[in-house]
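*Asks:*
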Amino acid sequence: MKKAFDITLRLLLVAIAISVAATSVYSQEMNKEEWQKQITDLTTKRNDLKNKLTAAQSEVAALQKQDADKATALKLCQDELAQTMKANSAADESAFASSVDNPDAKLNDLSKLSNQDLYARRAELDSVQAWIDNAKKSPFSAVEKYANRLKDVQGRLDALRKSLEQSIASGQAMQTYTVGTWAKDRDCLWNIAKKPKIYDNAFLWPKIWQGNRDQIKNADVIHPGQKLKIPPKAELTKQEKSALRSYWDKKQVAAAPTK
44 MKKAFDITLR
54 LLLVAIAISV
64 AATSVYSQEM
74 NKEEWQKQIT
84 DLTTKRNDLK
94 NKLTAAQSEV
104 AALQKQDADK
114 ATALKLCQDE
124 LAQTMKANSA
134 ADESAFASSV
144 DNPDAKLNDL
154 SKLSNQDLYA
164 RRAELDSVQA
174 WIDNAKKSPF
184 SAVEKYANRL
194 KDVQGRLDAL
204 RKSLEQSIAS
214 GQAMQTYTVG
224 TWAKDRDCLW
234 NIAKKPKIYD
244 NAFLWPKIWQ
254 GNRDQIKNAD
264 VIHPGQKLKI
274 PPKAELTKQE
284 KSALRSYWDK
294 KQVAAAPTK
């Protein structure tokens, strides 16, 4: 690269020299002031080109140094990894290799589930992520074949999470509950929300009401056989709180004595 710059500089200097020589041919037709101005302009251009060339050479040198530093750092890391791997026994590596099969098997199992079953077991996705994070701390995770396995597991996990998020957004992953009779099951929104397998919290009943407005027009009236969607357990939203206030306001109005 330096040789190319040197050649370029020489060509530029030759071009300038030719220009100066050509100028001398008709310098007799120019006055001294015009001739001096042209010489000054050409000299300035030459100096600018030399400065740019020097700057470019400095930049190239800096980049070459960066490459050399990175190569040195990479070799140092490779040497340290080699020493670390040498210190670990073949049994350790075998154990790590076998452990990589565990999240694979878990993801195979989870990927076969229905949207609702996957939603119910979504905590297991977090356990797989925890395993991946822990495995990355092992020196064996830097070995290419294991690094590729971990990358593959992470990709499968991310895809499964995305699929679950999409099914939740569409309502396909929601838990459902089929309403029983009052005589046998004592089913009402309050009692359904109180069930341990639902929310284990009766005060969250407005979530079921608002999540099933297509079926429930009156929160006090549900019918046996209705299949209700159960939104994920969470604090009441602003909309759900507003619906609850409206519900109690109507109750108070209905209970007020007529004049």
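Position 186, counted from 1, in the sequence shown is what my numbering calls 229; the numbers after and before it change by one each time, with no gaps.
The beta-carbon is built from N, C-alpha and C at its ideal position, and this holds for glycine as well.
These numbers come from a predicted model, not from an experiment.
(1) Indicate the three-state DSSP secondary structure (helix, strand or coil) for Ile-273 in the structure shown.
(2) Just to confirm the assignment, what range does the beta strand (DSSP E) spanning Ala-218 have?
(3) Alpha carbon to alpha carbon, how far is Lys-80 from Ser-101? Give it in angstroms, no decimals.
(4) Counting C-beta neighbours from all protein chains within 10 Å, is the total for Val-123 16 or more, i.e. buried, or is it exposed?
(5) Judging by CA-CA distance, which residue of Gln-253, Pro-275, Leu-207, Ala-236 is the nearest neighbour of Leu-168?
(6) What are the boundary residues of the alpha helix (DSSP H) that Phe-139 is part of?
(7) Using the Cα positions of Ser-70 and Ala-99, report the straight-line distance between them to the nearest angstrom.
(8) Enumerated in chain order, which unbroken segments of the beta strand (DSSP E) with a length of 3 residues or greater are wholly contained in the region 197-270?
(9) Would you say Lys-250 and Glu-283 are within 8 Å of each other, going by their C-beta atoms?
(10) Let's test the definition: count the other Cβ atoms within 10 Å of the Cβ of Ile-273 and tell me whether it reaches 16, buried, or not, exposed.
(11) Would you identify the three-state DSSP class for Arg-192, choosing helix, strand or coil?
(12) Report the residue from Gln-218, Thr-86, Ser-285 whose alpha carbon sits nearest the alpha carbon of Arg-164.
(13) Would you report the Cα separation of Thr-115 and Val-103, rounded to the nearest angstrom?
*Replies:* Reading off the structure:
(1) strand
(2) A small fix is needed here, since residue 218 is Gln in this sequence, not Ala. Segment 218-221, the beta strand (DSSP E) holding Gln-218.
(3) 32 Å
(4) Going by the sequence as given, residue 123 is Glu instead of Val. Exposed.
(5) Leu-207
(6) 133-142
(7) Caution is warranted here: a pLDDT of 48 is assigned to Ser-70, below 50, making its placement in the model unreliable, and no coordinate value can be reported.
(8) 218-221
(9) yes
(10) By the neighbour-count criterion, in which 16 or more other beta carbons inside 10 Å mark a residue as buried, Ile-273 falls on the buried side.
(11) helix
(12) Gln-218
(13) 18 Å
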